[in-house]
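Line by line, the protein sequences are chains A and B. So the first sequence is residues 1 to 548, counted in my numbering. So the second sequence is residues 1001 to 1313, counted in my numbering. Here a beta-carbon is modelled for each residue, glycine too, at the ideal position from N, C-alpha and C.
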Amino acid sequence: MGTAHPRLSPRLTRRDLLKAGLAAGATLSAEPVLAPGRLWAQPKRGGILRVRGYDPPHFDPHQTLNFKTNNTLSFVYSKLVRHKVGAGVTPGTFTVEPDLAERWEEPDDTTVVFHLRKGVRWPNKPPLNGRELIAEDVKFTYDRFLTEKANPLKFMLDPVDRVEVVDRYTVKFRLKEPFVWLLNMLANPTGTWIVAREMVEKYGDLKRAETAVGTGPFILERYEPNVKTVFRRNPDYFRPGLPSVDGVDWLVMEDEAAQLAAYRSGQIDCGPWHQWAVRQQDLAALKKSHPQLAYQDFLSNVTTGIYMRTDKPPFNDVRVRRAISHAVDRRAIIEAVFLRGEPTPAIGRGLTEWSPRIDQLGPGAQYYRHDPKEARRLLAEAGFPQGLKTTLTVTGGYGSDVLDSFQLTQRQLKESGIEAELKVQEYGAYIATTFLGKYEGMALGPFSIAWEPHTALYGMYTPEQSRNSGHVADAKIVSMLKQQMRTKELEARRKLIFDIQRYAAEQQYYVYLYSAMFTGSWQSSVKNYAPNPSFDYGNRAAALWLDR
Amino acid sequence: MRKYVLRRLLIATSSLFLASLVVFSLPRMIPGDVVQLMLEERAYGKDLEDLRAKLGLNRPIHIQYFEWAGRVVRGELGESLWTKRPVLEELGRRLPVSLKLGLLALLFSVSIALPIGILAAIRQDSLADYVARSLAIVGLSVPGFWIATMVILLPSLWWNWSPPIQFTEFSVDPWAHVSQFIIPAFILGIASSAAIMRLTRAQLLEVLRQDYVRTAWAKGVRESGVVLKHSLKNSLIPVITVLGIQIAQILGGTVIFETIFGLPGMGRFLFDAINQRDYPVIQGVNLVIVSVVVLMNLAVDACYAYLDPRIRY
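In structure tokens:
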């Protein structure tokens, strides 16, 4: 823990000013030596960060892929490794850095050894009573991750054979096959938080708010369903001096008008929409009335698109899938609903390093062209000269904008002879069924998020995976996926990932539509913060400080 | 009087029984199965049948009803299927929020409606009357949620101010606690006040034309005495009756207003429970709402004797 900064006296004398001037001069002259950062980068301690949050359905990271659970847990848990945070981070880049593991090594292609930080303590309350976090905790977490029947994220660590404890501070991951993405998987802000055995044993699972006890930057002080979750600084957090803020009020705000009004009036510190952004529809007016706020654009790393039962007629015919792709006017949807964004390949455009532009997709790029005539021709060729009728399952759970885009897509499909009856499900039911491939006909929604390219591709294209919403079974793509998993050389791997996306564009198993543009925004008093499309709000909140 | 209250209580009990049947059976008719949602999303049981048995949903519906009704009589409303928290405990936190909002809305409604209704009646066909009647039409026709959105949005655009979004407990800051109810309650009261104002005006106009009022004028009684003492009380019975009905409408309106203004009342609780098919919560909340409405109407009936001593029970 760092010490608190002394408060300035409310009354300044000439002597004080002279002293301050001398001190400032000395600091400035020594600054390039002492701290290569900027002078204002000296963090202030204190203040409560008030931000738009979410009400999680429950708190068990191994029993859901719900973003609300993972967002909320990011405040209280740590991982072995994490994505870099802070003002220097460029949105769309996810650099892996140490978290609970201070270093790691790879003695061979199928072994990764992690050396844990010493002296990391669980919070000092029963049943953990401030005991030290040790290698057994890591083993327990990943054993549970890999064996929990209800864990829909198990596929992320498919290549992991077992986790072994070497000694109190060393843990070894044994792999079934070479897997270059292991570190990225462990830094993934979904489901990979290190949990305590005692909490699982005491409560049976981790669904209750009381079980959310970790070694992260904050402690969950109070959970008020549908109102807010109150986090306070973890006094035993292992990063010295952090978090700078005393706590975070994670506020549940359902009404969009109320969210924006709260941000305008300074009642919340960061943008009121998802990813602490501002809706594009509100952006121009807000920039005009509040030019003092910070704004930063970034493309989403989420792909929204149409998925369908490719294991059944008519969608097992590539001509039908290509017809669907031709039927949709991606640009029109972006301009009408989200105002800004880009048509996307399999990896969301926001993950800039791994997502090719559409014109880089080779022959598959042609199917991104809006061409109703060609769509009708392909349908006729596939045996549907009069068009086809199907269902299009969606959810209203992503907000009104996304729902508007669904209706527009439905209309565009109809113009090309694809009459899709819209079936609206509640978010919980949608995630539980349609998202995991339990539906008929077609479905539409945001369906993959990418912090590295592997997760978005492997789950969606590997047969028998619950994330394979389209029931895709294509030996060629599986073989390419396996190959990239063992390719260490970065450029060769990037080429493979681009090739997979080119092949996916030709096959149109998933009709990828767009990645929307987000504009992150925050009050000028929020320092050392940069937006990044991630569920890891906790580490970003721990890195920032408030200059109020 | 006592006999009347007892008879009304008996009727209220049968109303509650009928309402309990409705609140128990209707949620089970909503498309979508809670067991499937729970099993697939959150793995609460081994399989569908196992989870159905765990939740007691595998038995015939009438058995489930009698079990639930038995627990209600003993003062238990069961526990949430999802969170396992007792419904009564949750209601204990949320009911006061909704009641405060509802009662404050009622207070605003009456405080706006009665003076304007009286003014419109005693100055019939004057400018004041036309303005009051026009405002009433506006109040009736403009949706409350639209006014609420404007009230939140416009001050934030003009003055960088918006109503507080963080709910403050009374124990933390009593003034902040009360003030966060004022704006939503005022808006919620407006629509209700429009109807009451029009009814007050119409009833008072009718009473003002009665012979005994003319006699009072002839005797030289002052206007305030004629209106407030001799006429108003007699014109209020239908108004009070409508007020009883408005209570149910105001309670229904809290669902939207609690969401917009971030108040953790029963409305939001019920809304989420319906989405999650959380039967015990839906049943518990609805039963409480029905009970409040029935009791308030009972209180309204009891007011009649005070307003008109000729009424004998």
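>> Less than 8 Å between CB atoms is the rule here; does B/W1175 satisfy it with respect to chain A?
In response: Chain A, which has no Cβ nearer than 8 Å to the Cβ of B/W1175, makes this no.
> Since B/K1229 is in the beta strand (DSSP E), which residue starts that stretch and which ends it?
Replying inline: The continuous stretches of beta strand (DSSP E) do not include B/K1229, and DSSP gives it neither H nor E.
> What does A/E254 reach in chain B if we use C-beta pairs closer than 7 Å?
Replying inline: In chain order: T1259.
> Per DSSP, what kind of secondary structure is B/T1241 in: helix, strand or coil?
Replying inline: In the structure shown, B/T1241 sits in a helix (DSSP, three-state: H, G or I).
>> For the stretch 421-442 of chain A, list every residue whose C-beta sits within 9 Å of some C-beta in chain B, in sequence order.
In response: Listed in sequence order: Q425, E426, Y427, G428, A429, I431, A432, T433, L436, K438.
> To the nearest whole angstrom, what separates the beta carbons of B/D1278 and B/S1080, a pair I think is in contact under 8 Å?
Replying inline: The beta carbons of B/D1278 and B/S1080 sit about 5 Å from each other, so the pair counts as a contact at 8 Å.
> CA-CA distance, A/R279 and A/V302?
Replying inline: Between A/R279 and A/V302, the C-alpha separation is close to 16 Å.
> Cα-Cα, which of A/V526, A/Y169, A/Y263, A/Q259 is closest to A/S289?
Replying inline: It is A/Y263.
> Going by alpha carbons, who is nearest to A/G441 out of A/N532, A/K495, A/P314?
Replying inline: The shortest Cα separation from A/G441 among A/N532, A/K495, A/P314 belongs to A/P314.
> Using a beta-carbon distance cut-off of less than 8 Å, what residues from the stretch 1261-1287 of chain B approach chain E?
Replying inline: Judged by its chain identifiers, the structure shown contains no chain E, and its protein chains are A and B.
> If you run the structure through DSSP and keep just helix, strand and coil, what is A/R264?
Replying inline: If DSSP states are grouped into helix, strand and coil, A/R264 belongs with the helices.
> Which one of B/A1136, B/I1274, B/V1213 has the shortest CA to CA distance from B/V1227?
Replying inline: Taking B/V1227 as reference, the option from B/A1136, B/I1274, B/V1213 with the minimal CA-CA separation is B/V1213.
>> With H, G and I counted as helix, E and B as strand and the rest as coil, what does DSSP make of A/A284?
In response: Residue state, collapsed to three classes: helix.
> Alpha carbon to alpha carbon, what distance is there between A/A209 and A/M199?
Replying inline: So the two alpha carbons sit approximately 11 Å from each other.
>> Rounding to the nearest angstrom, what Cα-Cα distance links A/A516 and A/D269 in this structure?
In response: Going by C-alpha positions, A/A516 is about 23 Å away from A/D269.
> Expressed to the nearest angstrom, what Euclidean distance is found between the alpha-carbon atoms of A/A284 and A/H370?
Replying inline: The straight-line gap from Cα to Cα measures roughly 29 Å.
>> I need the straight-line Cα distance from B/V1087 to B/L1287, nearest angstrom please.
In response: Taking the straight line from one Cα to the other gives about 12 Å.
>> As an exercise, report each continuous alpha helix (DSSP H) stretch of at least 4 residues that is fully enclosed by the stretch 31-119 of chain A, in chain order.
In response: Every alpha helix (DSSP H) of 4 residues or more that sits fully in the stretch 31-119 of chain A is shown, in chain order, as 67-73.
> Roughly how many whole angstroms lie between the Cα atoms of B/I1183 and B/G1092?
Replying inline: For B/I1183 and B/G1092, the distance between alpha carbons rounds to 24 Å.
>> Let's test the definition: count the other Cβ atoms within 10 Å of the Cβ of A/I431 and tell me whether it reaches 16, buried, or not, exposed.
In response: Counting Cβ neighbours within 10 Å, A/I431 comes out buried, since at least 16 surround it.
> A/Q410 touches chain B at which residues, Cβ-Cβ below 9 Å?
Replying inline: Within 9 Å Cβ-Cβ: nothing; A/Q410 doesn't reach chain B, min ~21 Å.
> For A/K476, which of helix, strand or coil comes out of DSSP?
Replying inline: Of the three classes helix, strand and coil, the one that applies to A/K476 here is helix, per DSSP.
> Does A/A26 get closer than 8 Å to chain B when you measure Cβ to Cβ?
Replying inline: At A/A26, the pLDDT of 42 sits below 50, so the modelled position is not reliable; the number obtained from the coordinates is stated separately. No, no contact with chain B.
> Per DSSP, what kind of secondary structure is A/K438 in: helix, strand or coil?
Replying inline: In this structure, A/K438 counts as coil in the three-state DSSP scheme.
> Skipping 5 residues on each side, what residues in its chain have a beta carbon closer than 6 Å to that of A/P159?
Replying inline: L175, K176, E177, F179.
> What distance in whole Å lies between the Cβ atoms of A/R144 and A/E132, which are believed to be in contact at a cut-off of 8 Å?
Replying inline: In fact, because the Cβ distance is near 20 Å, the residues do not count as touching under 8 Å.
> Using a Cβ cut-off of 8 Å, which residues of the stretch 127-142 of chain A contact any Cβ in chain B, in chain order?
Replying inline: Close to chain B, meaning a Cβ-Cβ distance shorter than 8 Å, is no residue of the stretch 127-142 of chain A at all.
> Buried or exposed: where does B/W1159 fall if 16 or more other Cβ atoms within 10 Å of its Cβ makes it buried?
Replying inline: So B/W1159 counts as exposed.
>> Could you give the first and the last residue of the continuous beta strand (DSSP E) run that contains B/S1080?
In response: No beta strand (DSSP E) holds B/S1080; DSSP gives it neither H nor E.
> For A/M517, which three-state DSSP category applies?
Replying inline: Three-state DSSP puts A/M517 in a strand.
> Could you give the C-beta distance for B/I1061 and B/R1028, rounded to a whole number, given that I count them as a contact under 8 Å?
Replying inline: That belief holds up - the Cβ atoms of B/I1061 and B/R1028 are roughly 7 Å apart, short of 8 Å.
>> Please tell me whether, using a cut-off of 7 Å, the distance from the CB of B/T1013 to the nearest non-hydrogen atom of the ligand ADP is below it.
In response: Absent from the structure shown: the ligand ADP. Ligands present: none.
> If you draw a straight line from the alpha carbon of A/L351 to that of B/F1017, how long is it in whole angstroms?
Replying inline: Between A/L351 and B/F1017, the C-alpha separation is close to 59 Å.
> Going along chain B, which residues have a C-beta under 7 Å from A/N70?
Replying inline: The premise fails here: A/N70 is roughly 14 Å from chain B at the closest Cβ pair, so nothing lies under 7 Å.
>> Considering just the uninterrupted stretch of the alpha helix (DSSP H) at B/Q1203, what are its terminal residues?
In response: In the DSSP assignment, B/Q1203 falls within the alpha helix (DSSP H) that extends over 1174-1208.
> Do you know offhand how far A/T64's Cα is from A/G437's?
Replying inline: The straight-line gap from Cα to Cα measures roughly 15 Å.
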